[in-house]
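Before any comments, here is the structure.
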Amino acid sequence: MILHFGLGAFHRAHQAVHTQEAGDGWAICSVAPRSPDVVRALRAQNHRYTLLVREGEDVSATEISSVRRTLHAPTETEQVIQHVADPAVRVITLTITEKAYADAGPGSPIGLLAAGLARRTAAGAGPVAVVSCDNLLSNGPRLREAVLRVSGSVPEEVSFPATVVDRMVPATTPEDLATAAKLTGREDLAAVVAEPYSQWVLQDDFPGGRPAWERVGAQFVADVEPYERVKLRVLNGVHSTLAYTGALTGHEYVSGALDDPVLARLAERLIREDVLPVLTAPPGVDLPEYGAQVLARMRNRALRHRCAQIAMDGSLKVPIRLLGTVRDRLAAGGMPRWACLAVAAWLRHVTVSTDDAGRPVEVDDPRADDLRRLAHSPRRLIAAVAPDLADHAEVVARISADLADFAAYGVRECLERA
Ligand code: CS2
Numbered sequence: 004m005i006l007h008f009g010l011g012a013f014h015r016a017h018q019a020v021h022t023q024e025a026g027d028g029w030a031i032c033s034v035a036p037r038s039p040d041v042v043r044a045l046r047a048q049n050h051r052y053t054l055l056v057r058e059g060e061d062v063s064a065t066e067i068s069s070v071r072r073t074l075h076a077p078t079e080t081e082q083v084i085q086h087v088a089d090p091a092v093r094v095i096t097l098t099i100t101e102k103a104y105a106d107a108g109p110g111s112p113i114g115l116l117a118a119g120l121a122r123r124t125a126a127g128a129g130p131v132a133v134v135s136c137d138n139l140l141s142n143g144p145r146l147r148e149a150v151l152r153v154s155g156s157v158p159e160e161v162s163f164p165a166t167v168v169d170r171m172v173p174a175t176t177p178e179d180l181a182t183a184a185k186l187t188g189r190e191d192l193a194a195v196v197a198e199p200y201s202q203w204v205l206q207d208d209f210p211g212g213r214p215a216w217e218r219v220g221a222q223f224v225a226d227v228e229p230y231e232r233v234k235l236r237v238l239n240g241v242h243s244t245l246a247y248t249g250a251l252t253g254h255e256y257v258s259g260a261l262d263d264p265v266l267a268r269l270a271e272r273l274i275r276e277d278v279l280p281v282l283t284a285p286p287g288v289d290l291p292e293y294g295a296q297v298l299a300r301m302r303n304r305a306l307r308h309r310c311a312q313i314a315m316d317g318s319l320k321v322p323i324r325l326l327g328t329v330r331d332r333l334a335a336g337g338m339p340r341w342a343c344l345a346v347a348a349w350l351r352h353v354t355v356s357t358d359d360a361g362r363p364v365e366v367d368d369p370r371a372d373d374l375r376r377l378a379h380s381p382r383r384l385i386a387a388v389a390p391d392l393a394d395h396a397e398v399v400a401r402i403s404a405d406l407a408d409f410a411a412y413g414v415r416e417c418l419e420r421a
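Residue numbers (our numbering): 4 to 421.
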């Protein structure tokens with residue numbers, strides 16, 4: 004059995020689908036860390052739900068039934084801990100978002116996982132792989148450290164393989180639910196919508212066994228890092244760039260932002276001039292082709308991926324997605340013009356929080372208030388997320404100039420002139 008933390012749309016459209024399609028009988032028990040809504044919906048429909056795959060005008064519906072059980076962590080805490088310690092559980096996966104790794108409170112996913120692993124060891128329940136599926140650098144080691152901070156030790160029979168996951172899964176809309184109902188003839192409050200593309204790269208370190216995910220396209224590799232960099236810097240870097248510049252120029256969806264020629268040009272230049280020159284291609288990957296494929300995927304209008312959704316939690320995402328590119332370009336003697344502009348767009352989004360037309364943009368970031376207090380000083384803003392870069396005069400000057408230009412002329416005009 005697999006135990007999963009994080010019952011969001013991404014899990015339902017990725018790990019649950021891979022596990023069902025692998026076809027070797029593994030079942031999933033999924034834990035909702037906060038909201039009971041999806042638990043309620045899934046229980047009411049026998050834990051079956053619809054995956055809609057959309058591309059352009061095409062839409063297909065598949066019933067997913069690999070999630071057999073759900074738990075609501077705040078009200079079923081003891082069962083969650085008991086499941087972590089259950090000898091039948093051989094794999095634990097997590098999609099808990101970037102910010103959850105810093106939260107080790109007793110009821111948090113990390114807190115519950117640590118408590119369960121301690122009980123598991125005490126009971127001699129056997130080996131288990133704990134698999135982070137979040138968009139972090141070295142997500143396996145990061146998760147291990149988080150557990151270690153709570154427990155003081157990590158049992159030897161527990162592994163933390165690193166992984167890279169990739170599938171665009173926007174929040175489900177009422178229209179998606181209506182489409183699911185129309186295609187299946189049943190109401191489905193837990194339906195999810197995704198693009199056709201799906202990738203999963205994993206380090207093969209599963210001491211208690213695992214589903215044959217490789218049958219359905221997962222890649223098991225010795226070193227995940229090159230894949231991780233490419234995915235986080237190209238796909239997520241461009242996503243965040245388009246989310247901030249898109250929101251600030253009045254675009255609701257990523258695909259709409261990319262239809263705007265000045266934003267498309269920014270995304271292309273970011274990839275070509277800043278990101279790719281400092282990346283190493285993983286085996287079998289052609290980087291320019293990968294970059295073009297990412298943009299083509301983002302142009303999929305049927306996805307309705309909101310800029311506001313991707314813009315969320317920028318203080319945790321931007322450092323992972325854009326600052327590595329900034330640092331590596333500087334180290335190679337270049338000036339990461341477009342990555343700096345993207346960072347400036349994020350800072351404007353989180354501190355000024357109005358678009359070019361003066362309308363408020365949605366900001367949802369645990370550090371928004373802190374950052375707003377520093378808004379008068381670009382250098383201090385940069386120092387708040389990257390102390391090393393705040394000592395880099397050229398970077399500070401570049402980002403300060405972009406911020407001043409955004410304020411004076413608006414983001415769109417700056418992009419037109421750039
Ligand atoms: C997005 C990601 O919400 C976000 O921040 O950039 O969720 C993105 O859609 C996935 O990583 C794609 O694999």
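Using N, Cα and C, we set each Cβ at its ideal position, and we do this for glycine too.
Between residue i and ligand 1, is there a pair consisting of the residue's CB and a ligand heavy atom that are separated by less than 7 Å?
i	result
Leu139	no
Asp169	yes
Gln312	yes
Leu269	no
His242	yes
Lys320	yes
Asn303	no
Leu238	yes
Measuring alpha carbon to alpha carbon, tell me which residue in the options is nearest residue i.
i	options	result
Val87	Ala132, Glu101 and Arg370	Ala132
Pro158	Ala345, Ala117, Arg170 and Ser33	Ala117
Ile274	Ala128, Ile385 and Gln296	Gln296
Thr96	Ala19, Glu160, Arg122 and Val56	Ala19
Pro285	Ala378, Asp367 and Val227	Val227
Ser63	Glu198, Leu192, Ala389 and Arg147	Glu198
Gly413	Ala393, Ala378 and Ala347	Ala347
Gly108	Pro164, Gly127, Val321 and Thr80	Thr80
Cys32	Arg15, Asp289, Leu261 and Ser38	Arg15
Phe209	Ala44, Phe223 and Trp203	Phe223
Ala389	His379, Cys343, Ala225 and His17	Cys343
Phe13	Val56, Gly287 and His75	Val56
Leu325	Leu282, Ala404, Leu306 and Leu45	Leu282
Asn303	Asp373, His395, Arg170 and Val288	Arg170
Val70	Thr100, His21, Ala311 and Ala103	His21
Pro280	Gly327, Val321, Ala246 and Ala305	Gly327
Met301	Val278, Pro322, Met315 and Leu261	Leu261
Ala194	Ala407, Thr53, Val83 and Val134	Thr53
Thr98	Leu10, Asp359, Ala267 and Arg383	Leu10
Ser243	Tyr256, Arg268 and Val321	Val321
By DSSP, does residue i sit in helix, in strand, or in coil?
i	result
Glu397	helix
Ala91	coil
His50	coil
Asp367	coil
Ile313	helix
Leu192	coil
Glu101	helix
Phe163	coil
Leu140	coil
Tyr434	Lying before the first or after the last residue shown, residue 434 is absent from the chain, which here runs from 4 to 421.
Asp106	coil
His17	coil
Ser33	strand
Thr73	strand
Use the C-beta contact count for residue i: other C-beta atoms within 10 angstroms, 16 or more gives buried, fewer gives exposed.
i	result
Lys185	exposed
Ser156	exposed
Asn49	exposed
Val42	buried
Val317	Note that residue 317 corresponds to Gly in the displayed sequence, not to Val. Buried, because 16 or more other Cβ atoms sit within 10 Å of the Cβ of Gly317.
Gly220	exposed
Val399	buried
His7	buried
Glu292	exposed
His254	buried
Glu397	exposed
Thr176	exposed
Pro164	buried
Thr252	buried
Arg236	buried
Gly127	exposed
Ser38	exposed
Would a check of beta-carbon distances place residue i closer than 8 Å to chain C?
i	result
Asp137	The structure shown contains no chain C, having only a single protein chain.
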